[in-house]
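Student: Have a look at the structure that comes next, please.
Residue numbers (my numbering): 371 to 667.
Written as structure tokens, this is what we have:
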């Protein structure tokens, strides 16, 4: 049984259909029985975005633009990270928080930068890393750094376990979440071997004067308490312009991050995969990540 059919049956069994009496009731009704996003027509998606824009305007006072544009044809995004260059400055983390309207309190971050001592075992022992390093200068001598975020797997275990189909993989390789369909069960968090999904334990707090109004329905629009969110390769940027980078790539001061269309053999990411000594994190789990690590020095 589909989610909306189940909810309708439950509502009827509980005492019949509720008749909206005013504008707020009608909005709640639309939200409660919202159609599955992938089954919507372009016009329905446009109307949905308009309704949410009005709701967010009333709630936050910010004029938000919610895009619903689909994956670009002949594009499959992939990501590369040069571990020999990363200095652990965490600028990627801060840029991601700002671009994707992540909660400041409680704090939500998509990217985790791990610190290791030279010569230590790593990759298979991520739990032994230091997530909370705080040095006067970066990089700390005798250490190296490995940022970890959503790997945008081709075989994502998080998608398989979702009971409401609120998360899925798009044709351009991005694994997305429909926050309106997420029920907060956190099965996806348990299934993800990379710790890439984040749960909103409280109502996300983003200062209105710091809110990025350029959003996507499946990306950086305002989130809710009790819902899971994750990195989407800055879908609001990369789908708008295929030559535009995610915020973390753009901000990196040492050029350690690479991004592009893996279907284009001349793209920077394709060249890195072909010519560098690359590996994928926990590849033995058969998740087939679209995120590649490599050493250039």
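C-beta atoms are modelled at their ideal positions from N, C-alpha and C, and glycine is treated no differently.
Would DSSP call residue 474 helix, strand or coil?
Tutor: Three-state result, residue 474: strand.
Student: Mind checking who residue 516 pairs with in its DSSP beta bridge?
Tutor: Answer is 484, bridged to residue 516.
Student: Alpha carbon to alpha carbon, how far is residue 629 from residue 567?
Tutor: The alpha-carbon atoms of residue 629 and residue 567 are separated by roughly 21 Å.
Student: Is the beta carbon of residue 522 closer than 8 Å to that of residue 637?
Tutor: No, they are not a contact pair.
Student: Would DSSP call residue 619 helix, strand or coil?
Tutor: Helix at residue 619.
Student: Between residue 640 and residue 613, what straight-line distance do the alpha-carbon atoms span, to the nearest angstrom?
Tutor: Going by the C-alpha atoms only, they are around 14 Å apart.
Student: Less than 8 Å separating the beta-carbons of residue 361 and residue 433?
Tutor: There is no way to answer for residue 361, as the model of the chain reaches only from 371 to 667.
Student: Three Cβ pairs or more, each shorter than 8 Å: is that satisfied between the region 604 to 622 and the region 461 to 481?
Tutor: Yes: at least three Cβ pairs fall under 8 Å.
Student: For residue 417, report the span of its alpha helix (DSSP H) as first-last.
Tutor: Unbroken alpha helix (DSSP H) run through residue 417: 412 to 430.
Student: What's the gap between the Cα of residue 579 and the Cα of residue 644?
Tutor: Roughly 43 Å between the two C-alpha positions.
Student: My assumption, with CB atoms under 8 Å, is that residue 455 sits in contact with residue 626. Please give the rounded CB distance.
Tutor: Right, the Cβ-Cβ distance comes to about 4 Å (below 8 Å), so this counts as a contact.
Student: Whose C-alpha, out of 524, 588, 563 and 531, is nearest the C-alpha of residue 548?
Tutor: Checking every option, the nearest Cα to that of residue 548 belongs to 588.
Student: When you compare only the Cα positions, how much space is there between residue 512 and residue 488?
Tutor: Each residue's alpha carbon lies about 6 Å from the other.
Student: Determine the direct distance from the alpha carbon of residue 425 to that of residue 393, and round the result to whole angstroms.
Tutor: Residue confidence for residue 393 is low, a pLDDT of 48 falling below 50, so the modelled location carries little weight; the figure read from the coordinates is stated next. Those two C-alpha atoms are separated by around 11 Å.
Student: What whole-angstrom Cβ distance do residue 555 and residue 527 have, given they're in contact under 8 Å?
Tutor: At roughly 15 Å, the Cβ-Cβ gap does not stay under 8 Å, so residue 555 and residue 527 are not in contact.
Student: Taking just the CA atoms, how far does residue 666 sit from residue 473?
Tutor: Residue 473 and residue 666: Cα-Cα distance of roughly 35 Å.
Student: I'd like the span of the alpha helix (DSSP H) that includes residue 646, first residue to last.
Tutor: Segment: none, residue 646 is in no alpha helix (DSSP H) and carries neither H nor E.
Student: Relative to the C-alpha of residue 405, which candidate in 542, 534 and 610 has its C-alpha closest?
Tutor: If we check each option's Cα against that of residue 405, 534 comes out closest.
Student: How is the beta strand (DSSP E) around residue 545 delimited, first residue to last?
Tutor: Looking at the DSSP string, the run of the beta strand (DSSP E) that includes residue 545 is 545 to 547.
Student: Spell out the partners DSSP gives residue 448 in its beta bridges.
Tutor: Bridge partners of residue 448: 630.
Student: With a Cβ-Cβ cutoff of 8 Å, do residue 471 and residue 592 count as a contact?
Tutor: It is a contact, given that the beta carbons lie within the stated cut-off.
Student: List the residues that DSSP assigns as beta-bridge partners of residue 597.
Tutor: In the DSSP output, where bridge partners are listed per residue, residue 597 has none listed.
Student: Using only the alpha-carbon positions, how far apart do residue 446 and residue 543 sit?
Tutor: Near 5 Å, if we compare the C-alpha coordinates of residue 543 and residue 446.
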